[in-house]
Amino acid sequence: MNKKILSTQNITKTFGQIKALDNVDFHLYRGKIHGLLGENGAGKSSLMNVLSGIYQPEKGSIYINNQKQNSLNPDLASKLGIGMVHQEFRLVESFSIKDNLTLSKANIYIKDFEEAFNKYSKIFSLSANHDSLVSELSVGEKQKIEIMKLIFNNNKIMLLDEPTAVLTPQETNQLKISLETLSKEDEKTIVFITHKLKEIKEFTETIFVMKNGQMVAKDLKTKSVKDEELVTLMMGEVTKSAIKKDNKKGETKLKVENISLAKNVIGFNNLDGINLSIKAGEVLGIAGVSGNGQVELANIISGIYKNFEGKIIIKGQDVSEKGVKARKKLNLSYIPENRLGVGLAPGVSILDNSVVKEYFNASYGPHLSTKKMVNYLNLLVKEFSIKTAEPKAEISTLSGGNMQKLLMGRELISSPEIIIAAQPTRGLDVSAVEALHELIISQRNKGSAIMLISEDLDELFKLSDRLIVLYEGKIIKEFNINEANTNNVGLAMAGVIE
Amino acid sequence: MNNYILSKKTVVNDFATFYSFLIGLFIAIFIGSVILLIQDQNPINIFSLMIKLSVGSINSLSSSLNKAIPLILAGLGISIMNSVKLWNIGAEGQIFLGAIAVNLIYINTEIYNSTLFIIVLLISGFIGGSICILLPAITKVFFGVNEIITTLLTNYIIIGLTVYLVNGPWKDPKSLNFPAAAYVGDEVYLPTINGKLSSGFLICILFTIGAYYLKEKSVFGYEMRIAGGSAMTALYAGINAKQKTFYAMLFGGGFAGLAGAIELLSQTHRVSIGISQGFGYTAIIVAAITGMRPLGIFLVGCLFGALTIGGTVIQTIGVSSYIADIIQATTLIGALVSQFFFTYQIKEVKNG
Numbered sequence: 001m002n003k004k005i006l007s008t009q010n011i012t013k014t015f016g017q018i019k020a021l022d023n024v025d026f027h028l029y030r031g032k033i034h035g036l037l038g039e040n041g042a043g044k045s046s047l048m049n050v051l052s053g054i055y056q057p058e059k060g061s062i063y064i065n066n067q068k069q070n071s072l073n074p075d076l077a078s079k080l081g082i083g084m085v086h087q088e089f090r091l092v093e094s095f096s097i098k099d100n101l102t103l104s105k106a107n108i109y110i111k112d113f114e115e116a117f118n119k120y121s122k123i124f125s126l127s128a129n130h131d132s133l134v135s136e137l138s139v140g141e142k143q144k145i146e147i148m149k150l151i152f153n154n155n156k157i158m159l160l161d162e163p164t165a166v167l168t169p170q171e172t173n174q175l176k177i178s179l180e181t182l183s184k185e186d187e188k189t190i191v192f193i194t195h196k197l198k199e200i201k202e203f204t205e206t207i208f209v210m211k212n213g214q215m216v217a218k219d220l221k222t223k224s225v226k227d228e229e230l231v232t233l234m235m236g237e238v239t240k241s242a243i244k245k246d247n248k249k250g251e252t253k254l255k256v257e258n259i260s261l262a263k264n265v266i267g268f269n270n271l272d273g274i275n276l277s278i279k280a281g282e283v284l285g286i287a288g289v290s291g292n293g294q295v296e297l298a299n300i301i302s303g304i305y306k307n308f309e310g311k312i313i314i315k316g317q318d319v320s321e322k323g324v325k326a327r328k329k330l331n332l333s334y335i336p337e338n339r340l341g342v343g344l345a346p347g348v349s350i351l352d353n354s355v356v357k358e359y360f361n362a363s364y365g366p367h368l369s370t371k372k373m374v375n376y377l378n379l380l381v382k383e384f385s386i387k388t389a390e391p392k393a394e395i396s397t398l399s400g401g402n403m404q405k406l407l408m409g410r411e412l413i414s415s416p417e418i419i420i421a422a423q424p425t426r427g428l429d430v431s432a433v434e435a436l437h438e439l440i441i442s443q444r445n446k447g448s449a450i451m452l453i454s455e456d457l458d459e460l461f462k463l464s465d466r467l468i469v470l471y472e473g474k475i476i477k478e479f480n481i482n483e484a485n486t487n488n489v490g491l492a493m494a495g496v497i498e
Numbered sequence: 499m500n501n502y503i504l505s506k507k508t509v510v511n512d513f514a515t516f517y518s519f520l521i522g523l524f525i526a527i528f529i530g531s532v533i534l535l536i537q538d539q540n541p542i543n544i545f546s547l548m549i550k551l552s553v554g555s556i557n558s559l560s561s562s563l564n565k566a567i568p569l570i571l572a573g574l575g576i577s578i579m580n581s582v583k584l585w586n587i588g589a590e591g592q593i594f595l596g597a598i599a600v601n602l603i604y605i606n607t608e609i610y611n612s613t614l615f616i617i618v619l620l621i622s623g624f625i626g627g628s629i630c631i632l633l634p635a636i637t638k639v640f641f642g643v644n645e646i647i648t649t650l651l652t653n654y655i656i657i658g659l660t661v662y663l664v665n666g667p668w669k670d671p672k673s674l675n676f677p678a679a680a681y682v683g684d685e686v687y688l689p690t691i692n693g694k695l696s697s698g699f700l701i702c703i704l705f706t707i708g709a710y711y712l713k714e715k716s717v718f719g720y721e722m723r724i725a726g727g728s729a730m731t732a733l734y735a736g737i738n739a740k741q742k743t744f745y746a747m748l749f750g751g752g753f754a755g756l757a758g759a760i761e762l763l764s765q766t767h768r769v770s771i772g773i774s775q776g777f778g779y780t781a782i783i784v785a786a787i788t789g790m791r792p793l794g795i796f797l798v799g800c801l802f803g804a805l806t807i808g809g810t811v812i813q814t815i816g817v818s819s820y821i822a823d824i825i826q827a828t829t830l831i832g833a834l835v836s837q838f839f840f841t842y843q844i845k846e847v848k849n850g
């Protein structure tokens, strides 16, 4: 018999003007593995943070073991048996495994620590000794300790936020077996969050789907639900664009040959044999869930990353060995995903930030002309209708939309021949998005070769001539825009190719 | 329910730093007065005496400005380094090593043209200061070691080195057991303007303009600002952030080293532990009060030089010279606090 151990009703949580959770109903059955599926920003992590008492919802009620909880906080949630493994681990690196596991006063294995540790080491096939320091462990091992911590704290409900994102395929398989054992033998209730279809089908018994802060499907039986159905729920309907795609294509401007990047540093995603080319007047869309190699690809093409294999050819010239400035001189512009921090320097004035791309054009030898800089900024402000404060004010005083307009204007005003645009409209309001889309299309019409990296299918379908889907550092599928639809692109993004 | 948050003002007041300095100074004078009152002194009398004896005559004004030279130069060095958002706490050590470098070159070379010799010695001082910060610069650029710690600790090494030199190899037998090196010959004394003011002050004016140009009007200054703002943006713009950091640190050290050279050639005329009386630390206050602006550093440096002289002279009537230190330190605190209110505003945020 299925027994509900936890349920929520009408949970609503807003951040500023964004509704992270919108009347969410959710429930968990004792001893089952639940899947929670959704795109980035769908509200999965927010919901988990509400359940573990980190966020307080503005509206709605939470029932744990049929008792209404009015003011859940992390301490109380933990007492009631709810534990969460975050995407960024919360371990004390300089402590031993044992110290980490017994850190909380809630831990239940004090005298019989050895026994319990041996038992769960077996379940997780963890070979490390409990005296080893956490800092010496691999990422996969650290995650095992994180999950064991929940067990040691007697958490009956375990919320795992994208646990497989950091794991190798072998480790993922191992995790699956461990979680199944925990749910069967210890009656642990597990929530498995992911945006990978394949995993949610393998790991879970029942599936919940979120989109735009809403719970769009509840309690779908994993065995009977179809991939297509899940994709449609997750992505929603995509409106076909009215933008004409019959503009003239010219010669090949950018060619990428066999780019590979080994996954040797933590925080970097690998790339594996990427080949692509973009012609003048063409928009190549790069679809994919973030973290599948998009940032790395863009950084390699723009010249920021140097340690890669393969060739970058711009306008027939091999620039693989050349730096950022040489590529800029060949008329390449890069609009990075990370607006403030990469594209714009925080703590530096609007004026300084407006000339990052072409500050050497405002110089005479070692002298930098403030007048030229101001003229350039004024031109940007006029051309791209940026609402800006004083030039000397810090860049962070601009709104997100105006920051992005300044960044894009700066990169586009010189009519670059090649444009790499990563997530150009993320987090912006509708009118700003519309203005930036028009900019991209007008650049395309002027004959730029554009690579558009985005997670927003609407945007990709609207602007691209062709689509490439990146999955785990590989081009998993390529589409002509008229044969692409939510279903086949969505499936490819989730790593499924029929 | 409404929340209140702090947010940066979108309108920049160019005089904000100046106003906050005035407010800081006002607070400092107030607190100084209270302390004097507790000591049964009349603050108005004491302060007017300080002003009279520090800037009241050409002679006293010259002494004040002489005292300002090391403060200004070291302050400029700190300000250049701050362009890449780094703090130079090691100006004191750099002043000493600048002076040591001057003496080293002086006793080991012979140049008969004294003008040329002086120029060579001043350059040696600059290089000495740069060498002093070389180790912190290398460890910062290659290993990311915190420069606040390394520059501070270098001070102790250099001051130790100075003590060793003046008690050992460089000890002047004629100094009657006072630990000091031999005097340099008067052919390398920096010439004075009207008998008292060191021509080092002219160098100071020159370097103030130079530092202003470097920071605000040059490509190098721009690249330093971007590198200081975000290392990733520098990488993205094709700016070598590590190189800029390295040069900024060497420049910063060099300015302080030059201060040491000028102190040696125009004031003490010999290496001893008295080359600097905490100028390197006071320079941090000067630079911080002015928000790292070269012109401000020049003006506040002059004021603090006068304060130091004023503090020294009131000792003669039995008031502790520490009143000057108290005023300097309180001005900094007052100015920093009021700067906060000039750059931030309290905003109301509506929930829901």
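If you read the protein sequences in the order shown, they are chains E and F.
Those letters in the first sequence? Residues 1 to 498, by this note's numbering.
Those letters in the second sequence? Residues 499 to 850, by this note's numbering.
Here a beta-carbon is modelled for each residue, glycine too, at the ideal position from N, C-alpha and C.
What you are looking at is a predicted structure, and each value in this text was computed from that prediction instead of being measured.
So with CB distances below 7 Å, who are the chain F contacts of residue i?
{"i": "E:D352", "result": "Y720, R723, I724"}
{"i": "E:S363", "result": "V717"}
{"i": "E:G347", "result": "G727"}
Excluding sequence positions up to five away, which residues of its chain have a Cβ less than 8 Å from the Cβ of residue i?
{"i": "F:I821", "result": "G530, I533, L534, I544, G809, I812"}
{"i": "E:N10", "result": "N23, V24, D25, K59, G60, S61"}
{"i": "F:V686", "result": "Y604, S612, F615, I616, L619, L763"}
So which residues of chain E does residue i contact, with C-beta pairs closer than 8 Å?
{"i": "F:Y710", "result": "Those do not exist, as F:Y710 stays about 13 Å from chain E at its closest Cβ, beyond 8 Å."}
{"i": "F:G736", "result": "G303, G323, V324, K325, K328"}
Determine the contact status of residue i and residue j, defining contact as a CB-CB distance below 8 Å.
{"i": "E:I313", "j": "E:E257", "result": "yes"}
{"i": "E:K249", "j": "E:G291", "result": "no"}
{"i": "F:A709", "j": "F:L797", "result": "no"}
{"i": "E:L452", "j": "E:L463", "result": "yes"}
{"i": "E:L379", "j": "E:R410", "result": "no"}
{"i": "F:L520", "j": "F:Y842", "result": "no"}
{"i": "E:E434", "j": "E:N40", "result": "no"}
{"i": "F:I737", "j": "F:E721", "result": "yes"}
For residue i, which residues of its own chain have a beta-carbon under 6 Å away from its beta-carbon, when the five flanking residues on both sides are left out?
{"i": "E:K198", "result": "G495"}
{"i": "F:F753", "result": "L571, L574, G575"}
{"i": "F:S622", "result": "A599, V600, I603"}
{"i": "E:V500", "result": "For chain E, the structure presents residues 1 to 498; residue 500 of chain E sits outside this window and is missing."}
{"i": "E:I266", "result": "At E:I266 the pLDDT is 49, less than 50, meaning the model places this residue with poor confidence; the figure from the coordinates comes in the next sentence. The answer is none, since no qualifying residue turns up."}
{"i": "E:A338", "result": "It should be noted that the sequence gives Asn, not Ala, for residue 338 of chain E. There are no such residues."}
{"i": "F:V835", "result": "none"}
Assign residue i to one of two classes, buried (16 or more other C-beta atoms within 10 Å of its C-beta) or exposed (fewer than that).
{"i": "E:A504", "result": "Since the first residue shown for chain E is 1 and the last is 498, residue 504 of chain E is missing from the structure and cannot be characterised."}
{"i": "E:S333", "result": "buried"}
{"i": "F:N606", "result": "exposed"}
{"i": "E:H195", "result": "buried"}
{"i": "E:G43", "result": "buried"}
{"i": "F:P677", "result": "buried"}
{"i": "F:P689", "result": "exposed"}
{"i": "E:E417", "result": "buried"}
{"i": "F:K565", "result": "buried"}
{"i": "E:T168", "result": "exposed"}
{"i": "F:E608", "result": "exposed"}
Which bits of chain E does residue i rub up against, with CB to CB less than 7 Å?
{"i": "F:L733", "result": "I304"}
{"i": "F:G591", "result": "Near F:G591 there are no residues of chain E at all, since even the closest Cβ is about 28 Å away, more than 7 Å."}
Beta-carbon within less than 7 Å of residue i's beta-carbon, same chain only, minus the 5 sequence neighbours each way: which residues are those?
{"i": "F:T766", "result": "G772, I773"}
{"i": "E:Q56", "result": "none"}
{"i": "E:E146", "result": "V85, F89, L91"}
{"i": "F:A729", "result": "A739"}
{"i": "E:A393", "result": "S349, I350"}
Run down chain F in chain order and give the residues with a C-beta less than 8 Å from the C-beta of residue i.
{"i": "E:P416", "result": "Within chain F, no residue comes near E:P416; the closest Cβ sits about 15 Å away, beyond 8 Å."}
What beta strand (DSSP E) runs, 3 residues minimum, are completely inside the segment 610-647 of chain F? Fully enclosed beta strand (DSSP E) runs of 3 or longer: not present.
List, from N- to C-terminal side, the alpha helix (DSSP H) runs of 4 residues or more that fit wholly inside the segment 507-574 of chain F. 514-536, 541-553
Report the residue ranges of all alpha helix (DSSP H) runs contained in full by the segment 330-406 of chain E; include only those spanning at least 4 residues, in chain order. 350-354, 370-383
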